[in-house]
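**Q** Under the numbering used here, the residue at position 64 of the sequence shown is numbered 283, and the numbers go up by one with no gaps. We put the beta carbon where it would ideally sit given N, CA and C, even for glycine. The model shown is predicted, which means the values in this text are computed figures rather than measured ones.
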Amino acid sequence: MFQNKKILITHIWLRGFSGAEINILELASFFKNNGAEVEVFTLSAQDPMKSEFETREICLITDYFHPFDLSRYDYIWSAQNILPASIIKSLGQKREKTPKFLFFHMAALPEHVLEQPFVYQLEEHISSGTLAISQEIVDCNLHRFFREIPNLQFYQNPVPSEYLKEKYSCSQVELKKILVISNHPPQEIKDLKEELKEYKIEVDYYGVWADKYELISPDLLARYDCVIGIGKNIPYCLVMGKPIYVYDHFAGPGFLTDENFELAEYHNFSGRGFEEQKRTSKEIAKDIVANFSAAKNFQEKNLERFQEQFSLQNIIPLILKTVEQRAEVGTIFDSYYITYLLAMNTLIKDLVRLNNDTMNLWEGIHNLEGELESLKIVADEREVIKNELELLKLSRFYKLSLVWTKIKKILRNKE
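#1: On the three-state DSSP scale, how would you describe Glu-269?
#2: Who are Phe-323's beta bridge partners in DSSP?
#3: Whose C-beta lies closer than 6 Å to the C-beta of Ile-295 among residues of the same chain, with five residues either side of it excluded?
#4: Under the three-state reduction of DSSP, which class applies to Thr-624: helix, strand or coil?
#5: Assuming Glu-258 contacts Ile-231 (C-beta within less than 8 Å), just tell me the rounded distance between them.
#6: Within a Cβ cutoff of 6 Å, which residues of the same chain sit near His-403, ignoring the five residues on either side of it in sequence?
#7: State the start and end residues of the unbroken alpha helix (DSSP H) segment that holds Val-508.
#8: Measuring alpha carbon to alpha carbon, tell me which residue in Asp-477, Glu-543, Ala-239 is nearest Asn-521.
#9: Using only the alpha-carbon positions, how far apart do Ile-368 and Ile-557 sit?
#10: For Leu-262, does the three-state DSSP call read helix, strand or coil?
#11: For Gln-372, write down the residues that DSSP places opposite it in a beta bridge.
#12: Give the DSSP bridge partners of Ile-447, in chain order.
#13: So what does DSSP say about Ile-551, is it helix, strand or coil?
#14: For Phe-260, count neighbouring Cβ atoms within 10 angstroms of its own Cβ and tell me buried if that reaches 16, exposed if not.
#15: Could you give the DSSP three-state label for Glu-602: helix, strand or coil?
#16: For the stretch 325 to 340 against the stretch 354 to 363, are there 3 or more C-beta pairs whose distance is under 8 Å?
#17: Using CA atoms only, rank isn't needed, just tell me which of Gly-311, Lys-497, Tyr-382 is closest to Leu-440.
#18: Classify Thr-565 as helix, strand or coil using the three-state DSSP reduction.
#19: With Gly-471 as the anchor, note down where its beta strand (DSSP E) starts and where it stops.
#20: Under the DSSP definition of a beta bridge, which residues are partnered with Leu-279?
#21: For Gln-299, collect the residues of the same chain with a Cβ closer than 6 Å to its Cβ; drop the 5 residues on either side in sequence, then sort them by chain order.
#22: Helix, strand or coil, according to DSSP, for Ser-309 in the structure here?
#23: Tell me whether the stretch 559 to 569 and the stretch 398 to 412 touch, counting them as touching only if at least three CB pairs, one residue from each stretch, are closer than 8 Å.
#24: Less than 9 Å between the beta carbons of Ile-307 and Asn-376, yes or no?
#25: So, for Asp-430: in the same chain, excluding its five sequence neighbours on each side, which residues have a beta-carbon less than 8 Å away from its beta-carbon?
#26: For Ala-598 and Tyr-283, I'd like the C-alpha separation in whole angstroms.
#27: Between which two residues does the beta strand (DSSP E) harbouring Glu-421 extend?
#28: Would you report the Cα separation of Glu-494 and Arg-291, rounded to the nearest angstrom?
#29: From Tyr-443, Gly-471, Ala-470, Gln-354, pick the residue whose C-alpha is nearest to that of Pro-462; which is it?
#30: Which one or two residues does DSSP pair with Ser-489 in a beta bridge?
#31: Might you give, ordered along the chain, the residues of its own chain that have their beta carbon closer than 6 Å to the beta carbon of Gly-471, omitting 5 neighbours on each side?
#32: Grouping DSSP H, G and I as helix and E and B as strand, with all else coil, what is Ile-226?
#33: Who are Val-378's beta bridge partners in DSSP?
#34: Based on Cα-Cα distance, which residue from His-331, Glu-355, Phe-322 lies nearest to Gly-348?
#35: List the whole-angstrom C-beta distance separating Leu-415 from Ala-504, where the pair is believed to meet the contact cut-off of C-beta under 8 Å.
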């Protein structure tokens, strides 16, 4: 499909399994698997995400000053307005060819500044496509910055084709196992495991806080009858026909229905818009058990529509068709604007370095706390042993043993 196409994708960092980072991995994999030559540029690459790119043999570049050749690319997909220095400098020079630029915007909250078009006029000048995860992002973020959004397209966390396989549909199953996927679960979700024991339902947790933290896959989801999560995890379940209970730190609507789907979709299935539906763990457990059958029916009834709407295989060609209809942008920036772009990206590069330092500091603090806790446990154990020895010395048996030891010593001396 994309034979001989050359594609550069950028993202501020690729470290963990956040929705945005997984989107970049899946997009790069999609292009590579369909014949394109793909490079991914990031300011910071760390495990576990770094290993996922290496396993897929996707070229991952972290050198900000790497000599990228702008004219060799057909498409550049940029998240957080990230562009390496050589690409920026090329925008100030005459060139035979300019690639089509597409810009991701993957968060709706105003405090997520880097997911906004924060580099002044960059997208207005060179964008051939603006990609928003949800309408909420358009209303809350993009409309605050653009008079006219360049070729707005929706990129609703589309999923790879392996999730669409029919064998993963679970329309006939009973509710026995639930998977919770969250990096920030509220207490009522953490307590849910205990509540569902009453119904003989097992619960497993996956997330950065849990014992299990790994990339979600069709095989993993297929082992469960129901999933609890938000955001990026919702389309996976929608295209598989698997009941998904939308609930996390913003609360949420619970199982998706004809009545709540539109509002949930508007907010990228984040739980926002349903804050008044915050529940206790006991209420969530009862709701899941009572409405699981209806949730299965909803998923199966809409399966074909969901597979059409959320398939990466469908969405990418549609987006690129609109991009190709736009005229090539051959704008040559003046030296002042190039200097500004370089300064902005240097600022972000330094921000990433500080963020890495902060993460390393917190990791060091966490490790130190763990060592202190281990030392405390050892000290407590020593104190317990000491107290037991003191009690032993006060015991009648211990006193008798001392007497017996003295008697044996006297007898040996007489011999």
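**A** Judging by the given coordinates:
#1: Working through the sequence shown from its first residue, we reach residue 269 at position 50. Looking at the sequence provided, one finds Lys at residue 269 rather than Glu. Correct three-state label for Lys-269: helix.
#2: What you label residue 323 is simply residue 104 of the sequence shown in a count that begins at 1. For Phe-323, which the question treats as bridged, DSSP gives the partners Ala-298, Leu-350.
#3: Numbered from 1 along the sequence shown, position 76 holds the residue referred to as residue 295. If we look at Ile-295 and ignore the five residues flanking it on each side, its Cβ neighbours are Leu-227, Pro-318, Phe-320.
#4: Within the sequence shown, the letter at position 405 stands for residue 624. Correct three-state label for Thr-624: helix.
#5: In the sequence shown, residue 258 corresponds to position 39, counting from 1. In the sequence shown, residue 231 corresponds to position 12, counting from 1. Wrong, their Cβ atoms sit about 16 Å apart, outside the cutoff.
#6: Indexing the sequence shown from 1 puts residue 403 at position 184. Excluding five sequence positions before and after His-403, the CB atoms of its chain that fall closer than 6 Å to its own CB belong to His-468, given in chain order.
#7: Here residue 508 corresponds to residue number 289 of the sequence shown, with the count starting at 1. Residue range 500 to 520 is occupied by the alpha helix (DSSP H) that includes Val-508.
#8: Locating residue 521 in the sequence shown gives position 302, counting from the first residue. The residue with the shortest Cα to Cα distance from Asn-521 is Asp-477.
#9: To locate residue 368, count along the sequence shown from 1; it is residue 149. To locate residue 557, count along the sequence shown from 1; it is residue 338. In a straight line, the C-alpha of Ile-368 is about 22 Å away from that of Ile-557.
#10: Counting from 1 along the sequence shown, the entry for residue 262 is found at position 43. Three-state DSSP puts Leu-262 in coil, outside helix and strand.
#11: Locating residue 372 in the sequence shown gives position 153, where the first residue counts as 1. Per DSSP, Leu-350.
#12: By 1-based counting over the sequence shown, the position of residue 447 is 228. In the DSSP assignment, the residues bridged to Ile-447 are Val-399, Tyr-464.
#13: By 1-based counting over the sequence shown, the position of residue 551 is 332. The three-state secondary structure of Ile-551, taken from DSSP, is coil.
#14: Start at 1 with the first residue of the sequence shown, and residue 260 comes out as number 41. Per the 10 Å Cβ criterion, buried.
#15: Start at 1 with the first residue of the sequence shown, and residue 602 comes out as number 383. It is helical.
#16: When C-beta atoms of the stretch 325 to 340 are compared with those of the stretch 354 to 363, three or more pairs fall below 8 Å, so the two segments count as touching.
#17: Locating residue 440 in the sequence shown gives position 221, counting from the first residue. Put simply, of Gly-311, Lys-497, Tyr-382 the residue whose alpha carbon is nearest the alpha carbon of Leu-440 is Tyr-382.
#18: Here residue 565 corresponds to residue number 346 of the sequence shown, with the count starting at 1. It is helical.
#19: Position 252 of the sequence shown, counted from the first residue, corresponds to residue 471. Run containing Gly-471: 470 to 474, per the beta strand (DSSP E) assignment.
#20: Within the sequence shown, numbered from 1, the residue matching residue 279 stands at position 60. Note: Leu-279 sits in a beta bridge opposite Val-259.
#21: Residue numbering aside, residue 299 sits at position 80 when the sequence shown is read from its first letter. Result list for Gln-299: Ile-231, Leu-333, in chain order.
#22: If you number the sequence shown from 1, residue 309 lands on position 90. It is helical.
#23: Between the stretch 559 to 569 and the stretch 398 to 412 there are fewer than three inter-stretch CB-CB distances shorter than 8 Å, so the stretches are not counted as touching.
#24: Within the sequence shown, numbered from 1, the residue matching residue 307 stands at position 88. Within the sequence shown, numbered from 1, the residue matching residue 376 stands at position 157. Not closer than 9 Å, so no.
#25: Counting from one through the sequence shown, the residue named residue 430 turns up at place 211. The answer, listed in chain order, is Tyr-424.
#26: Translated into the one-based positions of the sequence shown, residue 598 becomes position 379. Translated into the one-based positions of the sequence shown, residue 283 becomes position 64. Between the C-alpha atoms of Ala-598 and Tyr-283 there is a straight-line separation of about 49 Å.
#27: As a first step, residue 421 must be located in the sequence shown, where it is residue number 202. First-last of the beta strand (DSSP E) with Glu-421: 421 to 425.
#28: Numbered from its first residue, the sequence shown carries residue 494 at position 275. Numbered from its first residue, the sequence shown carries residue 291 at position 72. Rounded to whole angstroms, the gap between the alpha carbons of Glu-494 and Arg-291 is 48 Å.
#29: To locate residue 462, count along the sequence shown from 1; it is residue 243. The candidate whose alpha carbon is nearest that of Pro-462 is Tyr-443.
#30: As a first step, residue 489 must be located in the sequence shown, where it is residue number 270. DSSP lists no partner for Ser-489.
#31: For the purposes of this step, residue 471 is identified with residue 252 of the sequence shown, where counting begins at 1. Excluding sequence neighbours, Gly-471 sits near Val-465, Gly-490, Phe-493.
#32: Counting from 1 along the sequence shown, the entry for residue 226 is found at position 7. Three-state DSSP puts Ile-226 in a strand.
#33: Along the sequence shown, one-based indexing puts residue 378 at 159. Per DSSP, Ser-530.
#34: Residue 348 sits at position 129 when you count from the first residue of the sequence shown. Out of His-331, Glu-355, Phe-322, Phe-322 has the C-alpha closest to the C-alpha of Gly-348.
#35: Along the sequence shown, read from residue 1 onward, the residue named residue 415 stands at position 196. Along the sequence shown, read from residue 1 onward, the residue named residue 504 stands at position 285. Yes, they are in contact, since the Cβ atoms of Leu-415 and Ala-504 sit about 5 Å apart, within 8 Å.
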